[in-house]
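S.K.: Line by line, the protein sequences are chains A and B. The numbers in the numbering used here rise by one with no breaks, and the one at position 173 of the first sequence is 173. For the numbering used here, count along the second sequence from 1 and bump the result up by 1000. Backbone N, C-alpha and C define an ideal beta-carbon position, used for all residues, glycine too.
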Amino acid sequence: MARKTPEFSASSMADIAFLLLIFFLVTTTMDVTTGINRILPPPPDPTVKPPDIKDRNIMNILVSRSDRLMVNGKGMELSSLKDEVKGFMIPHFPDDENFPETKLVEIELLGATHRSRGIISLKNDRGTSYDMYIQIQDELAQAFTELRNEFSQRKFGKNYADLPEDKAKAVSKAIPVPVSEAEPEDVGGK
Amino acid sequence: MSRFKKKGDKETPGISTASLPDIIFMLLFFFMVTTVMRETELLVKINPPSAVEVLKLERKDLVSFIYIGEPVKTKLGTNARIQLNDAFATVDDISEFIVLEREARDEADRKFLTTSLKVDKGTKMGVVSDIKQELRKAGAFKINYSVTEKRKD
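#1: Does residue 13(A) come within less than 7 Å of chain B when only Cβ atoms are used?
#2: Is it the case that the segment 124-135 of chain A contacts the segment 167-179 of chain A, given that we only count it when at least three CB pairs across the two stretches are under 8 Å?
#3: Would you call the segment 1091-1105 of chain B in contact with the segment 1127-1134 of chain B, where contact means no fewer than 3 C-beta pairs closer than 8 Å?
#4: Please go through the segment 1035-1076 of chain B and give each complete beta strand (DSSP E) segment of 3 or more residues, from N-terminal end onward.
#5: Note down, in chain order, all residues in the segment 1021-1033 of chain B with a beta-carbon under 7 Å from any beta-carbon belonging to chain A.
#6: Once you ignore the five residues that flank residue 1142(B) on each side, which residues in its own chain have a CB closer than 6 Å to its CB?
#7: Can you check which of these residues, 1020(B), 1069(B) and 1015(B), is closest to residue 1079(B) by C-alpha distance?
#8: On a Cα-Cα basis, can you pick out the residue from 108(A), 81(A) and 109(A) that is closest to residue 142(A)?
#9: Could you spell out where the alpha helix (DSSP H) holding residue 145(A) opens and where it closes?
#10: Taking a Cβ distance cut-off of 9 Å, strictly less, list which residues of the segment 1131-1148 of chain B are near chain A, in chain order.
#11: Using the C-alpha atoms, what's the distance from residue 97(A) back to residue 1106(B)?
#12: If we cut at 7 Å on Cβ distances, does residue 1100(B) have a partner in chain A?
#13: Below 8 Å on the Cβ atoms is my contact criterion, and I expect residue 1116(B) with residue 1048(B) to pass it. Report the Cβ-Cβ distance as a whole number of Å.
#14: Report the rounded CA-to-CA distance for residue 72(A) versus residue 25(A), giving the unit in angstroms.
#15: To the nearest angstrom, how far is it from the Cα of residue 105(A) to the Cα of residue 1072(B)?
#16: On the DSSP bridge list, what partners appear for residue 60(A)?
#17: Cα separation between residue 17(A) and residue 1024(B)?
#18: Among 155(A), 21(A), 19(A) and 9(A), whose alpha-carbon lies nearest the alpha-carbon of residue 1017(B)?
#19: Look at residue 55(A) and residue 129(A) and say whether their C-beta atoms are less than 7 Å apart.
#20: On the premise that residue 119(A) lies in contact with residue 58(A), defined as a C-beta separation below 8 Å, what is that separation, rounded to the nearest angstrom?
#21: How would you list, in chain order, the residues of chain B whose beta-carbon sits under 8 Å from the beta-carbon of residue 50(A)?
#22: Any contact of the segment 38-50 of chain A with the segment 82-95 of chain A, i.e. 3+ C-beta pairs under 8 Å?
#23: Can you list, in chain order, the residues of its chain with a C-beta nearer than 8 Å to that of residue 1135(B)? Leave out the 5 residues immediately preceding and following it.
#24: How about residue 1044(B): is its C-beta nearer than 7 Å to some C-beta of chain A?
#25: Please report how far the alpha carbon of residue 151(A) lies from the alpha carbon of residue 164(A), in whole angstroms.
#26: Scan the segment 1051-1063 of chain B for residues whose Cβ lies nearer than 8 Å to a Cβ of chain A and list them as they occur along the chain.
#27: Looking at the unbroken beta strand (DSSP E) that takes in residue 112(A), where does it start and where does it end?
#28: Quick one: which chain A residues come within Cβ less than 7 Å of residue 1116(B)?
#29: Look at the Cβ atom of residue 34(A), then the Cβ atom of residue 1056(B), and state whether they are nearer than 7 Å.
#30: Measuring only the C-alpha atoms, how far is residue 1015(B) from residue 14(A)?
#31: Can you grab the Cα-Cα spacing for the pair residue 1148(B) / residue 1131(B), in whole Å?
#32: Could you tell me the distance, in whole angstroms, from the CA atom of residue 1028(B) to the CA atom of residue 1064(B)?
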């Protein structure tokens, strides 16, 4: 008595596979790595003398080993750093003694533009905490983003991030990010 | 004398779903195989700082990681240590690490290699600066400070 094996319904198989698929899709969401991108300068060339920069063109930011902030010799709160940097970096024309010099540069799409010659020098102690360092980097980045946004709103009516590539390039030329990091001082402990 | 006769109204044959599981299984296997993560076991504690202006790291295959933080094992002390791949290292090992990382990539991709620094909040900048100096010497200029995103308020 040969009995027929009952037919096995394969229609639910798809559902099972789907379930597994979705499970894997959901569980393998890797943590997205977010961070602050920076380009390090190449090692200093001992034969080339560092250029002389006028005092008025430099904003000295110093972070002590106890995470205290000093801008041009005066203590400052972290929360006011952004506005200070913005005020410093906005091109002042006509020339103002208290602000950095400007340089007239020819930029595509923008024409002749006054560009600030200001430089921000960031120096930290070896004992400064990494958290503080990142906070300052972040404040600086925010200041420059806001400057660029304001500039591109004025020129193109859009935020910097929404600009097409050629215009974004022009804006980044008009407002560069001149942050220079000094080698840290060897005073604090490791 | 039509060769193609209309055969009255015929029901459209239903599409067989028997091969559907196979297709889904194929997809499943594809995802299972491609999402093999090389998870480095962390030997240091890392609680990253947070910042507002963060960017997503693209091309994860072109990123090499340097971990800095307190060792997980408390008997190793509380001084910040550097971890490369799966082992503790010193600052002097960085240049060799960069060379190896570079050699592991395609020649065309080497210039896009980014070094991501995963550093604990409480670490002192001394160690980080030493590493940055080493990276400069090694020619790995593109770096990324790994931070979490902070909500703007």
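M.R.: Result, derived from the coordinates:
#1: Proximity of residue 13(A) to chain B, defined by a Cβ-Cβ separation below 7 Å, is satisfied.
#2: No contact exists between the segment 167-179 of chain A and the segment 124-135 of chain A.
#3: Yes, the segment 1091-1105 of chain B touches the segment 1127-1134 of chain B.
#4: For the segment 1035-1076 of chain B, whole beta strand (DSSP E) runs of length 3 or above, ordered along the chain, are 1063-1071.
#5: Listed by position, the residues of the segment 1021-1033 of chain B near chain A (Cβ gap below 7 Å) are 1021, 1024, 1025, 1027, 1028, 1031 and 1032.
#6: These residues qualify, in order along the chain: 1114.
#7: That would be 1069(B), whose Cα lies nearest to the Cα of residue 1079(B).
#8: Ranking the options by Cα distance to residue 142(A), first place goes to 81(A).
#9: Here the alpha helix (DSSP H) through residue 145(A) covers 130-156.
#10: Against chain A - using a Cβ distance shorter than 9 Å - the residues of the segment 1131-1148 of chain B are 1132, 1133, 1135, 1136, 1137, 1139, 1140, 1141, 1142, 1143, 1144, 1145, 1146, 1147 and 1148.
#11: The alpha-carbon separation between residue 1106(B) and residue 97(A) amounts to approximately 52 Å.
#12: False, the Cβ-Cβ gap to chain A never drops below 7 Å.
#13: About 11 Å separates the CB atoms of residue 1116(B) and residue 1048(B); that is not less than 8 Å, and the two are not in contact.
#14: Between residue 72(A) and residue 25(A), the C-alpha separation is close to 53 Å.
#15: About 53 Å.
#16: In DSSP, residue 60(A) forms a bridge with 121(A).
#17: Cα atoms of residue 17(A) and residue 1024(B): separation of roughly 6 Å, rounded to the nearest angstrom.
#18: Here the closest residue by C-alpha is 9(A).
#19: In this structure, residue 129(A) does not lie closer than 7 Å to residue 55(A) by Cβ.
#20: Correct: roughly 5 Å between the Cβ atoms.
#21: Chain B residues near residue 50(A): none, gap ~16 Å exceeds 8 Å.
#22: Output reads no: the segment 82-95 of chain A does not touch the segment 38-50 of chain A.
#23: Closer than 8 Å at Cβ, skipping near neighbours: 1094, 1098, 1115, 1141 and 1143.
#24: No - not a single Cβ of chain A is within 7 Å of the one on residue 1044(B).
#25: Going from the Cα of residue 151(A) to the Cα of residue 164(A) covers about 15 Å.
#26: Within the segment 1051-1063 of chain B, the residues whose Cβ lies closer than 8 Å to some Cβ of chain A are 1051, 1052, 1053, 1054, 1055, 1056, 1057, 1060 and 1063, listed in chain order.
#27: Looking at the DSSP string, the run of the beta strand (DSSP E) that includes residue 112(A) is 111-116.
#28: Going along chain A in sequence order, the residues near residue 1116(B) (Cβ under 7 Å) are 33 and 35.
#29: In terms of Cβ geometry, residue 34(A) and residue 1056(B) form a close pair [threshold 7 Å].
#30: Using only the alpha carbons, I get a separation of about 14 Å.
#31: Each residue's alpha carbon lies about 21 Å from the other.
#32: Distance between the alpha carbons of residue 1028(B) and residue 1064(B) is about 29 Å.
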